[in-house]
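K.L.:
Residue numbers (my numbering): 2 to 342.
Beta carbons are placed, not taken as given, at the ideal position from N, Cα and C, and that holds for glycine.
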Ligand code: KG4
Ligand code: ZN
């Protein structure tokens with residue numbers, strides 16, 4: 002069975018607050034079922050214990066949906082894949098345990114997937130795909146990385162955040178302005194209506210690393226100062242504050258990406274993760290593409306945010322490379338992208 006070249010794989014994603022399942026047949030993603038967890042909105046962020054309980058409630062439903070919609074019966078599967086990490090331990094455990102149980106019951110091999118590698122491999126779900134080597138800026142609520150991709154299974158993180166992820170910076174800034182969670186998309190909406198007139202500091206880190214905690218603190222003091230003079234300052238200036246903040250965050254991302262691309266002489270540039278939906282970032286990427294002759298890749302939105310289709314894509318590649326794991330596999334909350342030897 003393992004020398005099959007046309008595998009049919011079920012993939013499960015449960016690293017944070019999305020429970021998702023997808024079926025991939027011979028490298029073609031057949032579906033991408035996602036149950037999002039609205040329960041966290043009222044708490045202003047993801048509550049880990051609630052996230053794992055929601056996964057527990059949703060996982061059977063999303064797996065059934067994925068199989069039924071693809072018209073695949075469990076006995077036809079060649080492997081079961083799952084996100085091993087990084088992510089919230091309680092959330093990962095639900096997906097890993099479910100995948101292990103299913104594989105054991107059906108006598109199928111297991112494939113572990115690194116969630117951050119999968120974000121990159123989402124670019125291979127649909128054409129056109131990037132060619133190697135390329136760079137990927139992966140930007141989400143939990144991560145900010147510049148990844149150098151030499152082949153499907155050879156990746157190296159060449160820059161990452163030393164503190165907050167950029168999505169976290171968007172969300173925390175939104176919270177300071179009284180906006181609901183997740184605030185990133187709202188900042189994006191208001192920013193479109195405003196002008197970037199307020200200056201925020203740029204934090205430069207060594208190499209291609211990022212730091213977003215400085216801009217968050219700067220915003221806190223700026224708002225405190227302005228509101229001491231005018232309590233309605235945020236209401237009156239929301240659009241301009243959002244435009245200023247977004248412009249600075251996008252500038253910080255793009256300047257490191259440009260340096261990496263120039264230093265490594267790479268002109269195929271991809272973005273991934275939830276923040277890849279940001280209109281300012283997309284506009285900047287298109288602008289740089291025109292100026293620096295980059296070929297750019299932006300996945301469909303459903304493949305940017307957390308989803309099992311990207312896990313399925315990564316699993317397909319691993320299947321073809323005979324990369325399976327045993328029943329003793331356990332989730333790893335801080336699983337890193339390890340450069341292949
Ligand atoms: O990849 P994702 O769905 O989940 C993980 O964090 O893994 O990313 C969610 C993050 C949140 O921080 C959210 O605020 C941010 O992506 N986000 C945005 C936009 N859409 C989603 N941030 C800025 N502008 C957007 N349009
Ligand atoms: Zn993610």
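1) If we call anything under 7 Å between Cβ atoms a contact, is residue 39 one with residue 89?
2) Going by the DSSP bridge assignment, what does residue 115 pair with across the sheet?
3) Quick check: what's the CA-CA separation for residue 16 versus residue 231?
4) Using the C-alpha atoms, what's the distance from residue 194 back to residue 214?
5) In chain order, what are the residue ranges of uninterrupted beta strand (DSSP E) at least 3 long that sit wholly in the stretch 247-304?
6) Does residue 328 come out as helix, strand or coil in the three-state DSSP assignment?
7) Does DSSP put residue 5 in a helix, a strand or coil?
8) Is it buried or exposed for residue 124, if we count other Cβ within 10 angstroms and need 16 for buried?
9) Quick one: does the C-beta of residue 141 sit closer than 6 Å to a heavy atom of ligand 2?
10) If you draw a straight line from the C-alpha of residue 3 to the C-alpha of residue 25, how long is it?
11) For residue 104, which residues from the same chain have a beta carbon less than 6 Å from its beta carbon, with the 5 sequence-adjacent residues on both sides left out?
12) Considering only heavy atoms of ligand 2, does any lie closer than 6 Å to the CB of residue 288?
13) In terms of DSSP beta bridges, what is residue 156 paired with?
14) Could you tell me whether the Cβ atoms of residue 115 and residue 265 are closer together than 7 Å?
15) Among 277, 101, 142, 48, which has the Cα closest to the Cα of residue 172?
16) Would DSSP call residue 21 helix, strand or coil?
17) Any heavy atom of ligand 2 closer than 6 Å to the beta-carbon of residue 231?
18) Using C-beta distances below 6 Å, list every residue in its chain close to residue 248, excluding the 5 sequence neighbours before and after it, in chain order.
19) Rounded to whole angstroms, what's the CA-CA distance from residue 310 to residue 94? Just pull it up for me.
20) Within the present structure, is the beta-carbon of residue 17 separated from the nearest heavy atom of ligand 1 by less than 6 Å?
21) Can you tell me the Cα-Cα spacing of residue 130 and residue 237, whole angstroms?
22) Is the stretch 173-183 close to the stretch 147-161, with three or more CB pairs under 8 Å?
23) What would DSSP say about residue 243, mapped onto helix, strand or coil?
24) Could you tell me how far apart the beta carbons of residue 273 and residue 135 are, in whole angstroms, since I believe they sit closer than 8 Å?
25) Between residue 122 and the rest of its own chain, which residues show a CB-CB distance below 8 Å, the 5 nearest in sequence each way excluded?
26) What separation, rounded to the nearest whole angstrom, lies between the Cα atoms of residue 191 and residue 256?
27) Go ahead and label residue 50 buried or exposed: buried means 16 or more other beta carbons lie within 10 angstroms of its beta carbon, across all protein chains shown.
28) Short check: CB of residue 109 to CB of residue 78, under 7 Å?
29) Alpha carbon to alpha carbon, what distance is there between residue 322 and residue 56?
30) Taking the runs of the beta strand (DSSP E) that are 3 residues or longer, which of them lie wholly in the stretch 37-95?
31) Thinking C-alpha only, which one of 169, 199, 205 is nearest residue 45?
32) Just to confirm my understanding: we take residue 186, look at its own chain, exclude 5 residues before and 5 after, and list those with CB closer than 8 Å. What are they?
33) At the level of alpha carbons, what is the spacing between residue 37 and residue 60?
P.N.:
According to the structure data:
1) Residue mapping note: residue 39 aligns to position 38 of the chain shown, counting from 1. Residue mapping note: residue 89 aligns to position 88 of the chain shown, counting from 1. Not closer than 7 Å, so no.
2) Counting from one through the chain shown, the residue named residue 115 turns up at place 114. According to DSSP, residue 115 bridges with 86.
3) The count along the chain shown starts at 1 and reaches residue 16 at position 15. The count along the chain shown starts at 1 and reaches residue 231 at position 230. Their Cα atoms are separated by approximately 42 Å.
4) If you number the chain shown from 1, residue 214 lands on position 213. If you number the chain shown from 1, residue 194 lands on position 193. Their backbone Cα atoms lie some 25 Å apart in a straight line.
5) 269-273, 296-298
6) Residue 328 sits at position 327 when you count from the first residue of the chain shown. Residue state, collapsed to three classes: coil.
7) Position 4 of the chain shown, counted from the start, is the residue given in the question as residue 5. Correct three-state label for residue 5: coil.
8) Along the chain shown, read from residue 1 onward, the residue named residue 124 stands at position 123. Residue 124 is buried by the Cβ-count criterion.
9) For the purposes of this step, residue 141 is identified with residue 140 of the chain shown, where counting begins at 1. Yes; taking the cut-off as 6 Å, the Cβ of residue 141 has a heavy atom of ligand 2 nearer than that.
10) Here residue 3 corresponds to residue number 2 of the chain shown, with the count starting at 1. Here residue 25 corresponds to residue number 24 of the chain shown, with the count starting at 1. Here residue 3 scores only 49 on pLDDT, less than 50, and its place in the model should not be relied on; the value that follows carries that caveat. In a straight line, the C-alpha of residue 3 is about 16 Å away from that of residue 25.
11) On the chain shown, position 103 is the one that residue 104 refers to. Hits under 6 Å: 81, 111.
12) As a first step, residue 288 must be located in the chain shown, where it is residue number 287. Every heavy atom of ligand 2 is 6 Å or more from the Cβ of residue 288, so no.
13) In the chain shown, counting from the first residue as 1, residue 156 sits at position 155. 150, per the DSSP bridge assignment.
14) Indexing the chain shown from 1 puts residue 115 at position 114. Indexing the chain shown from 1 puts residue 265 at position 264. Result no, Cβ atoms of residue 115 and residue 265 do not sit closer than 7 Å.
15) Within the chain shown, numbered from 1, the residue matching residue 172 stands at position 171. When only C-alpha atoms are compared, the closest one is 142.
16) By one-based count along the chain shown, residue 21 stands at place 20. Of the three classes helix, strand and coil, the one that applies to residue 21 here is strand, per DSSP.
17) Stepping through the chain shown from its first residue, residue 231 is reached at position 230. No, the Cβ of residue 231 stays beyond 6 Å of every heavy atom of ligand 2.
18) Here the question's residue 248 lines up with position 247 in the chain shown. The answer, listed in chain order, is 197.
19) Walking along the chain shown from the start, residue 310 turns up at place 309. Walking along the chain shown from the start, residue 94 turns up at place 93. Cα to Cα, residue 310 sits roughly 19 Å from residue 94.
20) Counted from its first residue, the chain shown places residue 17 at position 16. Yes, the beta carbon of residue 17 sits closer than 6 Å to at least one heavy atom of ligand 1.
21) Along the chain shown, read from residue 1 onward, the residue named residue 130 stands at position 129. Along the chain shown, read from residue 1 onward, the residue named residue 237 stands at position 236. Near 44 Å, if we compare the C-alpha coordinates of residue 237 and residue 130.
22) no
23) The residue labelled residue 243 in the question sits at position 242 within the chain shown. Residue 243 falls in the helix class under three-state DSSP.
24) Here residue 273 refers to the residue found at position 272 when the chain shown is read from its first residue. Here residue 135 refers to the residue found at position 134 when the chain shown is read from its first residue. So it is not a contact: roughly 11 Å between Cβ atoms.
25) Here residue 122 refers to the residue found at position 121 of the chain shown. For residue 122, where only same-chain residues beyond five positions count, the Cβ hits under 8 Å are 153, 311, 314, 315, 318.
26) The count along the chain shown starts at 1 and reaches residue 191 at position 190. The count along the chain shown starts at 1 and reaches residue 256 at position 255. Whole-angstrom Cα-Cα distance: 23 Å.
27) As a working note, residue 50 is residue 49 in the chain shown. Classification of residue 50: exposed, given that the 10 Å Cβ count is below 16.
28) The residue you call residue 109 lines up with position 108 of the chain shown. The residue you call residue 78 lines up with position 77 of the chain shown. In this structure, residue 78 lies closer than 7 Å to residue 109 by Cβ.
29) Here residue 56 refers to the residue found at position 55 when the chain shown is read from its first residue. Here residue 322 refers to the residue found at position 321 when the chain shown is read from its first residue. Each residue's alpha carbon lies about 30 Å from the other.
30) 80-86
31) In the chain shown, residue 45 corresponds to position 44, counting from 1. With distances taken between Cα atoms, residue 45 lies closest to 169.
32) One-based indexing of the chain shown puts residue 186 at position 185. Within the same chain, residue 186 has close Cβ partners 278.
33) Locating residue 37 in the chain shown gives position 36, counting from the first residue. Locating residue 60 in the chain shown gives position 59, counting from the first residue. If I take the Cα positions, the gap works out to 11 Å.
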